[in-house]
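First the structure, in the form of structure tokens, and then the observations on it.
Residue numbers (full-length UniProt numbering): 1 to 672.
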């Protein structure tokens, strides 16, 4: 269950090298034991056999060994065991490797005991899922517990309930053990398994709880907390701090598939195929990227990813790049799933992800929530296919706007020329760079640049954008080389320009009376030395139609991040219903010396269509160079299409530094 290191022959599990280790527990259940547990009507309970779960975990184990040098992934498996012309009623694996409740819990306890901060734990479950009657320890207000069915459940042994698994994972997370969970299972009440193979038992709505079920959860305490609504409905798992990938949504079934005569879970097979293809292309792939790729390969189920979806697969890095878009090709025309509502303007350019091939696509038609680039060449189409139809923005268009920059004369004409060239590589549109003079008022909507005594550059934005006079806070532009100094300046200017475009979208949304109510209220608890106190967010749908909400934060660090929900899809709220969550405003280290910061909490609400807003995300201004992709072909023309109705509501949160004796903390409050 660990990555390469010296094995102690007395240790049955792992050795303990000083570098971070990687643990894996893979559970696959094809064969479920028959036993004495009864249904509510007194009939014996049984779980039908599956065919691809054992193959799933063996394939995942081999991939982890070959690609990530994980020598000893722990496998709990129940494979069908042929004896002559018939199959045995017991699996071929030894009993200590059976996927029973006791063995699964033993492995979790082993990881919790031996793993330490910085280590990684990978858990996969392939098998049946079902909804069971709640126990006395189950979270209140529920009629069933989504559960992972263990091999010996029908023998009167416990299942692993979703909320119980959450507590095991939380224990690891509290030790700062990086955790990944893959669930190729489903749990739709009343769903059935056919010859096609679904990982849901038939009609499980009335299974009496046994004393052993209560005993299994006796030591599992459930604490209240904020949960993702969709995940609460499905697995009762709160993935704050770790990553969870699920094969399907709560109302769907996880299917099995046969490839070259071998059965697999459709989700696991697609996952491994995508990972292998990305490894061949030397692509850095995150869990969110993987999910988008898998969706294109499976039918009848919608894979989901929750929690820390920006991490690189099986890694601890969270590289911030423009969110890759998965595009579609119709003939020679390329369609991108973003449009006017995302701030796309005619001429915006996109490049392949990862940018290993020099191909750029220029938008020639912009709709409200989609745009397109026509007339792709054969080489461009082939390159798209090699990159799994993933692209990222490389030059945002200014449209009809003008980018004006005033530079101090002491920076020199060489810098001005280099800055103009660097901006042309990063922005599509009209750029005007002039030497500063007294003709521009302080409030003018222009950027200004001045040379510092140490040779660095101070960049100041218009107060309407930054919210204050003086240089942009947290940004340090330094370099001995003029070209590099100009390039860093251009990256920051392009970033701030895009931030301004995103902020201005509020003026383009519908001005009709909003069919919802929003309430933000700071909690009474004070903040800490690195963040403000919690803020409760409550959304209520006052209309007669379903609404879809996404919440972004536009921060004083000039980053844009999706605050809620954690996955790409917005939260859907039915008429008359509410949705709520609690968040904190975090103070970035480069801004900690300033007395206050102002953040905008933006709620985007749509009706009749679910849209992803992840493409709006930007990193902090001091990390803007992580989005630095250059153009390689000229732009094309464009035209706009019909309007789209949507709503934006902004709430400004002011977080100020407070002191009480030796204690320093931050307090957040709403402005206006």
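Using N, Cα and C, we set each Cβ at its ideal position, and we do this for glycine too. The structure displayed is predicted, hence computed values, not measured ones.
Problem set entry | Buried versus exposed, by CB contacts within 10 Å (16 or more), residue 111 | buried
Exercise. With 16 as the cutoff for other CB atoms within 10 Å, does residue 276 come out buried or exposed?
Worked result: exposed
Exercise. Around the Cβ of residue 94, are there at least 16 other Cβ atoms within 10 angstroms (buried) or fewer (exposed)?
Worked result: Within 10 angstroms of the beta-carbon of residue 94 lie fewer than 16 other beta-carbons, which makes it exposed.
For this session: Could you tell me if residue 346 is buried or exposed, where buried requires 16 or more neighbouring beta carbons within 10 angstroms of its beta carbon?
Result: buried
Problem set entry | In chain order, each alpha helix (DSSP H) run of at least 4 residues that lies wholly inside the stretch 151-191 | 162-174
Exercise. What residue ranges within the stretch 382-414 form continuous beta strand (DSSP E) runs of no fewer than 3 residues, ordered along the chain?
Worked result: 390-407
Exercise. Residue 666 by DSSP, collapsed to three states: which one?
Worked result: strand
Problem set entry | Range of the contiguous alpha helix (DSSP H) that encloses residue 295 | 287-295
For this session: Inspect the CB distances between the stretch 462-481 and the stretch 586-605 and report whether three or more fall short of 8 Å.
Result: yes
For this session: Determine, using beta-carbon pairs with one atom in the stretch 445-464 and one in the stretch 387-394, whether at least three such pairs fall under 8 Å.
Result: Touching, no, given that fewer than three Cβ pairs across the two stretches are closer than 8 Å.
Problem set entry | Where the alpha helix (DSSP H) through residue 558 begins and ends | Note, residue 558: premise wrong, no alpha helix (DSSP H); not H, not E.
Problem set entry | Identity of the residue in 613, 601, 658 nearest residue 649 by Cα | The residue with the shortest Cα to Cα distance from residue 649 is 601.
Exercise. Just the Cα atoms here: how many angstroms apart are residue 291 and residue 670?
Worked result: 36 Å
For this session: With a cut-off of 8 Å on the beta carbons, I'd call residue 575 and residue 623 a contact; round off their distance for me.
Result: That pair is no contact at about 41 Å.
For this session: Please list, in chain order, all residues of the same chain as residue 182 whose beta carbon is under 6 Å from its beta carbon, the five residues on each side excluded.
Result: 124, 245
Exercise. Considering residue 648, what are the terminal residues of the beta strand (DSSP E) in which it resides?
Worked result: Looking at the DSSP string, the run of the beta strand (DSSP E) that includes residue 648 is 647-660.
Problem set entry | residue 23 in three-state terms, based on DSSP | strand
Exercise. According to the Cβ coordinates, are residue 26 and residue 61 closer than 8 Å?
Worked result: yes
Exercise. According to DSSP, is residue 95 helix, strand or coil?
Worked result: helix
For this session: Could you tell me whether the stretch 652-669 touches the stretch 612-620, using the rule of 3 or more Cβ pairs below 8 Å?
Result: no
Exercise. With 16 as the cutoff for other CB atoms within 10 Å, does residue 501 come out buried or exposed?
Worked result: buried
Problem set entry | For residue 59, the first and last residue of its enclosing alpha helix (DSSP H) | 53-68
Problem set entry | Assigned secondary structure, residue 301 (DSSP; H/G/I helix, E/B strand, else coil) | coil
Exercise. My guess is that residue 339 and residue 298 are in contact by the Cβ rule of under 8 Å, so how many angstroms apart are they, rounded?
Worked result: No, residue 339 and residue 298 are not in contact; Cβ-Cβ is about 26 Å, not under 8 Å.
Problem set entry | Pick from 28, 329, 605 that is closest to residue 512, judged by C-alpha positions | 605
Problem set entry | Nearest neighbour of residue 680, chosen from 569, 285, 165, 127 [CA to CA] | Given a span of 1 to 672 for the chain in the structure shown, any question on residue 680 remains unanswerable.
For this session: Check whether the stretch 153-164 touches the stretch 28-36, counting contact only when three or more Cβ pairs, one atom from each stretch, lie closer than 8 Å.
Result: Taking 8 Å as the limit for Cβ pairs, the verdict is that the stretch 28-36 does touch the stretch 153-164.
Exercise. Which residues share a DSSP beta bridge with residue 457?
Worked result: Per DSSP, 451, 477.
Exercise. What are the boundary residues of the alpha helix (DSSP H) that includes residue 673?
Worked result: Any answer about residue 673 is impossible in this case: the structure gives the chain only from 1 up to 672.
Problem set entry | Proximal residues to residue 423 (C-beta, below 6 Å), its chain only, five neighbours per side dropped | Excluding sequence positions up to five before and after residue 423, its CB lies within less than 6 Å of the CB of 431, 490, all in the same chain and listed in chain order.
Problem set entry | residue 270, enclosing alpha helix (DSSP H) - first and last residue | 266-280
Exercise. Hey, out of 376, 24, 107, whose CA is closest to residue 73's CA?
Worked result: 24
For this session: Would you grab the beta carbon distance between residue 301 and residue 255 for me? Rounded to a whole angstrom, and I think it's under 8 Å.
Result: 6 Å
Problem set entry | residue 370 and residue 360 closer than 8 Å at C-beta | no
Exercise. Considering only the beta carbon of each residue, do residue 309 and residue 243 sit closer than 8 Å?
Worked result: yes
For this session: For the beta strand (DSSP E) holding residue 129, just list the boundary residues, first then last.
Result: Residue 129 -> beta strand (DSSP E) spans 129-132.
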